[in-house]
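Report on the structure given below.
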Amino acid sequence: MAAIRIYYDGDCPFCSRYARYLRLQAHAGKPELVDLRRDPAARKHFAAQGYAPDKGMLVEYRGELYAGARAMHLLSLLSTPSTRFNAFVAWLMSRPSSATLLYPLLRMGRAAVLICLGRRALESEKGWRKSPHGFFFFAFGLFGFLHLLIYIFSYGVALYPTSYLAGLFGALLALFPLSRRLFLALIVTLAVDGVLHAPIFSNHTLIKNFFVLGVLVAGLESWIRGESWAWFVQRFAPAGRWLLLGMYFFGVFHKLNKDFLNPEVSCAVTLLEQVPFAGALIHFEWIQLASIYGTLVVETVIALCLLVPASRNLGIFLGIAFHSLLALSGYAMYAPFSTLSIALHCLFLPPFAHAQLAGNRRINAWLGLSRRALGVALLLLWVVLLACLAHVKAFDQFGLLWLLFPVLLLWAVYASGQAPESVQAHPVAVTRTPVWGWILLALFMFNGFAPYLGLKTAQSINMFANLRLEGGTGNHLVLPWAPRPFGYLKDTVEIVEPGGVGYFKFVKQSDLRLTWYDFLNRMERADAATRVSYRRNGVYYEGITQSDLRDSFANTLHARWIRSWLHFTPVNLKDPKPCARNN
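Under this note's numbering, the first residue of the sequence shown carries the number 4, and numbering increases by one thereafter.
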């Protein structure tokens, strides 16, 4: 029997090289090298003793087991430097304190290398059946592609290489939802693209940014700790669930205003009349009232069902159906937002549901179709048709074609059924949410309440809610007073001569206003020769330039990175306030 036995990961290039070229002192004897990739019995043996092979190298020496940093420290003491590589490692690990400090970095490097090479961890479970959130990855991949389409064909914003990469990685993730590299690549590109595009009015972009931030924090945490992929997924899943519940809260709370409840201007009526086959019915008053109050009731019921384990599948089913209906409206390109919402709903699917779905013959046949040439061709055709419909802004037809995705998912959720053990197996469980998850949720909720504080209006989860808080008055029924303590929403500006600034032209042509802060922000970023005429507090200012506003810039504006958060939509002061895409 060898005096020393080293257990290592044969698929890790660094681990393999170190184990193979290690030269121990004569008294240590020739080591026996055991590749844990080829020895499942050894992996099972160590797991039973509480050792996780993925968290570090294991060494047996003189009847004692050394793991991780202790193992590397032991080997450094027993080794004879034979190469520069060995000498360098031995020098690093020769002291217990430095070994304890540096070993996590080596472990992080190993994890990064395995992901880059497409190799799974030692204790990784393979296959759709073992994936805790396979349907989430599929839906989130589709969202990544649709996110690119809406930026190109609806928002008309500048695109960066990361924008196209996010669309590409998203489409590929939808095809290969178990690919860890694709998911991580999509998360990173969405994060960089979010920074490059900030600020932007889109609420779905805001929710996406919060969620991506949560995934990045969970990824960094699991990377440092050397945890498994399943642990990483279970770490960010609660953040996605709470963000969805927070979205439903503001989806109802912001709509508690007199204009959303007014059938003449309500966004519920406006969106429904653009849904195919619903235009002829929306003229009946009882249909209008049903769409208004039904929206409030349905969103509330969905949130409550998601909170209660026994009714969770019903909440998922209703949530997917509700957002599918919204996506059918030709009023706006709502499908990307609906897809993101559906992806977050999938995080509520209990583990037993995935096991049952994986065993469903029809679902497996559908998943297998995407691996064949015919399936790939049909998917590419579907993607091309979606892009064409988005290009011509046929959003209602876009929604009808997109509907293939949620219909299949609804069928899958229904097919998963409901098992009694799910009540105990998958609670929301406050204790499962990490501290940083609560901080993320608190920031998200604070951002949603920002308009009532007078801080900002854009990206406040104010989605087609008819909410108005600018100009010193408000239409909210619960918080009817003017926003305070900040006064950014009170002071508004009417553009009279836009001076060649495209955004100012849009505001003037649409008979809208700007907050004073937003006006200053855009003037500070405009060309120095720009001359704009405007009316503020009843006073007319003609041909104003940047130099005329220099003192206002200094006294009012913050640094530009702060202004990316203090973001305002154009102000509509009509009473009652009509529905618009920016509210």
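Glycine residues also receive a C-beta, built at the ideal position from the N, C-alpha and C atoms.
Check                                                                                                                           : Outcome
Beta-carbon proximity list for ARG73, same chain, < 7 Å, skipping 5 on both sides                                               : none
Span separating the alpha-carbon of TRP441 from that of VAL311                                                                  : 19 Å
For SER294, the nearest candidate out of PHE571, GLY318 and LEU329 (CA to CA)                                                   : LEU329
Inter-residue spacing [alpha-carbon to alpha-carbon] between ASP38 and GLU67                                                    : 19 Å
Closest residue to LEU384 among VAL395, TRP405, ALA397 and GLY159 (Cα-Cα distance)                                              : TRP405
Pair within 7 Å by beta-carbon distance, GLY322 and HIS286                                                                      : no
Cβ-based neighbour list, PHE172, same chain, cut-off 7 Å, excluding 5 preceding and 5 following                                 : GLY147, LEU185, ALA188, LEU189 and THR192
Spatial distance of PRO164 from MET75 (CA atoms)                                                                                : 42 Å
Alpha-carbon spacing of LEU569 relative to PHE556, whole angstroms                                                              : 15 Å
As assigned by DSSP and simplified to three states, the class of GLU128                                                         : At GLU128 the pLDDT is 47, less than 50, meaning the model places this residue with poor confidence; the figure from the coordinates comes in the next sentence. Of the three classes helix, strand and coil, the one that applies to GLU128 here is coil, per DSSP.
Simplified DSSP assignment, three categories, for THR460                                                                        : coil
THR533 CB to nearest heavy atom of the ligand ZN below 6 Å                                                                      : For the structure depicted, the ligand ZN is absent and the ligand set is empty, with no information on it obtainable.
Spatial neighbours of MET466 in its chain, beta-carbon cut-off 6 Å, leaving aside the 5 residues before and after               : ASN206
Where SER536 sits in the DSSP three-state scheme                                                                                : strand
Backbone CA spacing between PRO339 and HIS150 [nearest angstrom]                                                                : 6 Å
Chain-order list of residues whose beta-carbon lies under 6 Å from that of GLY596 (same chain, five-residue window excluded)    : Because the chain is modelled from 4 through 586, residue 596 falls outside the range shown and cannot be assessed.
Reference ARG525; option with closest CA among LEU407, VAL542, VAL496 and GLN512                                                : VAL496
Strand pairing of GLU67, partner residues [DSSP]                                                                                : TYR64
Run of the alpha helix (DSSP H) containing TYR11, from where it starts to where it stops                                        : No alpha helix (DSSP H) holds TYR11; the beta strand (DSSP E) holding it covers 7–11.
DSSP three-state assignment for ARG375, whether helix, strand or coil                                                           : coil
Beta-carbon contacts of LYS580 that lie in its chain and below 6 Å, excluding the five residues immediately before and after    : ASP262, ASN469 and ARG471
Coil, strand or helix - HIS257 by DSSP                                                                                          : coil
For ILE285, the three-state DSSP class (helix, strand or coil)                                                                  : coil
Those runs of the beta strand (DSSP E) which lie wholly inside the segment 464–536 and span at least 3 residues                 : 495–500
Nearest neighbour of ARG516, chosen from ASP530, GLY474 and ILE305 [CA to CA]                                                   : GLY474
Close-in-space but distant-in-sequence residues of the same chain around GLY457 (CB under 6 Å, 5 per side omitted)              : PRO486, ARG487, PHE489, GLY490, TYR491 and LEU492
Best match in GLY297, ILE319 and TYR296 for proximity to LEU307 [C-alpha to C-alpha]                                            : ILE319
Cβ-based neighbour list, ASN212, same chain, cut-off 6 Å, excluding 5 preceding and 5 following                                 : GLY197
For LEU36: DSSP bridge partner residues                                                                                         : ILE9
Contacts around MET1, its chain only, beta-carbon distance under 7 Å, and the 5 residues preceding and following it disregarded : What is shown of the chain runs 4 to 586, which leaves residue 1 out entirely.
Nearest to PHE398 (by Cα), restricted to the options CYS391, ALA415, PHE452 and GLY333                                          : GLY333
Where CYS119 falls, given that 16 or more other Cβ within 10 Å makes a residue buried                                           : exposed
Under 7 Å between C-beta atoms of ILE7 and TYR64                                                                                : yes
Rounded C-alpha distance that separates CYS391 from THR273                                                                      : 25 Å
Cβ neighbours of ALA453 in the same chain (closer than 6 Å, five flanking residues each side left out)                          : LYS459 and SER463
Pair within 7 Å by beta-carbon distance, VAL215 and ALA233                                                                      : no
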